[in-house]
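Chemist:
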Amino acid sequence: PPLDPLQQVHVLIELRVPELDPALQLQLVATMAAPKDIWVSSFSFLLFCVSSIPAWGSESLLQELTPQEYFSSLQAGRASLAYFSHKASPGAQPFLEQIGNSAGALQDYGVSVVKVNCPKEDVSRYCGKEDALRKAYLFRGNMLIREFPTDALFDVNSIVANVLFALLFNEVKYVETLADLQNMENQLKGRSNMVFAYVPATGTAEHRAVMEVAFVYGTVHQFVLTTEAALLKDTGNDEPDVSSPQLLFCHCQQATDLAQPCKRTAMGQPLTMLNIHRHLKLMGAPLVTEVAEHPEKVSTVHLQLGLPLVFILSQKETYEADKRTAEFVAWQLLGKAGVALLSRDLIDRNVLLRSNVALKTPDEGVPIKYLVLEDTDEVINLVEDKNKVKQIQEEEEEEEEEEEEDERENNNQDVQDDQVRSE
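Residue 154 in the UniProt record's numbering is what sits at position 154 of the sequence shown, and the numbering runs on without skipping anything.
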């Protein structure tokens, strides 16, 4: 399910402004925690704040400088994207519009965008050659990091994606072959997890989304990118859709044996910044949560992100077996639902003793449903088939009605037998 508006704003704040002014952070958090009857006005305020943040502290996002001014302004560790242009270059106008439009987005990541106005008489490396005027240059301090042909930077998505890709060369590795991918996995086993993304082409909105999330999570997970469709066949899908971008979370940290492959969890949603962030949040949550309070009070990251929570009801005598069952189910439902281990001592006494599973949905006001399921496949289907809960409940109600009918018939028969004996 998609994130609700407040969840989207929360993600945007976390992704885009991790070093936000503390006073504004408190104001935003207070607004997020406000009662629901003022959420509409609060949401408007939050959107205003988030949309305004990139522009604060900068009078002009696209700077115009002379070559001397530009090179004297470079600071160690600071990145800048520069385009050197002569005034009599009418063909450069479309590109200038695009880098101007991208200046705000790049500023979020500490990259300034500069149009360098070259004098006619300038014959230096960046101004004096015709070929140089068809390129944009990415500097970190006074060190040239990358040259981009202007036709590769055709819109805001391609500019942001390619600039971040160049800056994050340690955080995001590009692989072309299956051997490269396997070597990367082997290096990470027992150490770190991997986020593997396939995009049909670089410079797309999906490529940008991966780079923007890598900017935040690149020190937590190793990101790996490819445009090679052949690598998708190694993801377990015999007939992959090579026209659609895909992302997988590879659980390499727990794979200590080189012969043991990293488990992979595919993201089922489109590759947007919000969806990737959401997927990584889910992958970072505990596999199984052991609950120590009434299930109505339980709140996990899954519920907060709009996913259901499955409770495996446990008893002291069967705790170890119940825990293994919960872990197995959790791996099957990873990214689709949360799984918790719940002691029967914590649930209401009116719940049927034979109930072994409970389902809590993120919808407010919907009571927890207690069910009787035969095996783990039924638990998994419970989440994957939204109509399954209703079907199971109807079957259980029919069984209860039949049992009550049988009990009434037995009672009637007992009464008749008593009457016969009395006669």
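Backbone N, C-alpha and C define an ideal beta-carbon position, used for all residues, glycine too.
(1) How long is the line joining the alpha carbons of Y109 and L313, rounded to whole angstroms?
(2) Quick check: what's the CA-CA separation for F223 versus K173?
(3) Under 8 Å: do the segment 335–343 and the segment 287–304 share three or more Cβ pairs, one atom per stretch?
(4) Based on DSSP bridge pairs, tell me the residues matched to Y370.
(5) With 16 other CB atoms within 10 Å as the buried threshold, where does L73 fall?
(6) Whole-angstrom Cβ separation of V160 and A82, contact assumed at under 8 Å?
(7) May I have a chain-ordered list of the beta strand (DSSP E) segments no shorter than 3 residues that lie completely inside the UniProt domain "TXNDC16 N-terminal" (61–164)?
(8) Does DSSP classify T376 as helix, strand or coil?
(9) Sorted by chain position, which residues of the same chain lie with C-beta nearer than 6 Å to E290's C-beta, five sequence neighbours on each side aside?
(10) My guess is that K360 and P295 are in contact by the Cβ rule of under 8 Å, so how many angstroms apart are they, rounded?
(11) Please list, in chain order, all residues of the same chain as V379 whose beta carbon is under 7 Å from its beta carbon, the five residues on each side excluded.
(12) Could you tell me whether the Cβ atoms of N170 and T202 are closer together than 8 Å?
(13) Take S158 as the anchor and find which of D241, L232, A136 has the nearest alpha-carbon.
(14) Is V40 buried or exposed, if buried means 16 or more other CB atoms sit within 10 Å of its CB?
(15) Tell me, to the nearest whole angstrom, how far the beta carbon of A92 is from that of S85; I am working on the premise that it is less than 8 Å.
(16) How is G335 classed by DSSP in three states: helix, strand or coil?
(17) Please confirm whether T325 has its beta-carbon closer than 8 Å to some beta-carbon of chain B.
(18) Would T66 and N117 be called neighbours here (beta carbons separated by less than 8 Å)?
(19) Is the distance from the Cβ of L258 to the Cβ of A214 below 8 Å?
(20) Just curious, the alpha helix (DSSP H) that Q187 is in, first and last residue?
(21) In whole angstroms, what separates the C-alpha of F95 from that of L133?
(22) Rounded to whole angstroms, what's the CA-CA distance from Y319 to L353? Just pull it up for me.
(23) If we ignore side chains and look at the alpha-carbon of each, how far apart do A285 and V114 end up?
(24) Can you name the start and end residues of the alpha helix (DSSP H) that R208 belongs to?
(25) What residues match up with Q222 in a beta bridge as DSSP calls it?
(26) Please give the ranges of any beta strand (DSSP E) in the segment 252–335, keeping only runs that are unbroken, at least 3 residues long and fully inside the region.
(27) If I'm right that H251 touches K263 with Cβ under 8 Å, what's the distance once you round it to whole angstroms?
(28) L61 to E147, Cα distance in whole Å?
(29) Considering only DSSP beta bridges, list what V172 is partnered with.
(30) Of the choices A229, E384, L274, H221, whose alpha-carbon is the least far from that of S243?
(31) Given a threshold of 16 other Cβ atoms within 10 Å of its Cβ, counted over all protein chains shown, does K297 qualify as buried or as exposed?
(32) Assign R191 to buried or exposed, taking buried as 16 or more other Cβ atoms, counted over all protein chains shown, within 10 Å of its Cβ.
(33) Evaluate F139 with the Cβ neighbour count: other Cβ atoms within 10 Å of its Cβ, from every protein chain shown; 16 or more gives buried, anything less gives exposed.
(34) Starting from the C-beta of A205, find all residues in its chain whose C-beta is less than 7 Å away, skip the five residues before and the five after it, and write them out in chain order.
(35) When we look at the beta-carbon of Q107 and count the other beta-carbons within 10 Å, is it buried (16 or more) or exposed?
(36) Quick one: residues in its chain with C-beta nearer than 8 Å to the C-beta of L334, no 5 flanking neighbours on either side, listed in chain order?
Modeler: So, to answer that:
(1) 46 Å
(2) 6 Å
(3) yes
(4) A358
(5) According to the sequence displayed, residue 73 carries Ser and not Leu. Exposed: under 16 other Cβ atoms inside 10 Å.
(6) V160 to A82, Cβ: 16 Å. No contact.
(7) 62–65, 79–85, 111–117, 135–140, 143–149
(8) helix
(9) L341
(10) 6 Å
(11) V310, V329, V357, L373
(12) no
(13) A136
(14) In this prediction, V40 has a pLDDT of 36, which is less than 50 and means its spatial position is unreliable; what the coordinates show is noted afterwards. So V40 ends up on the exposed side.
(15) 5 Å
(16) coil
(17) Of the protein chains in this structure there is only one, and it is not chain B.
(18) yes
(19) no
(20) 178–188
(21) 11 Å
(22) 16 Å
(23) 41 Å
(24) 205–217
(25) M194
(26) 263–266, 309–314
(27) 4 Å
(28) 21 Å
(29) F223
(30) A229
(31) exposed
(32) exposed
(33) buried
(34) N157
(35) buried
(36) T265, L282, M283, L287
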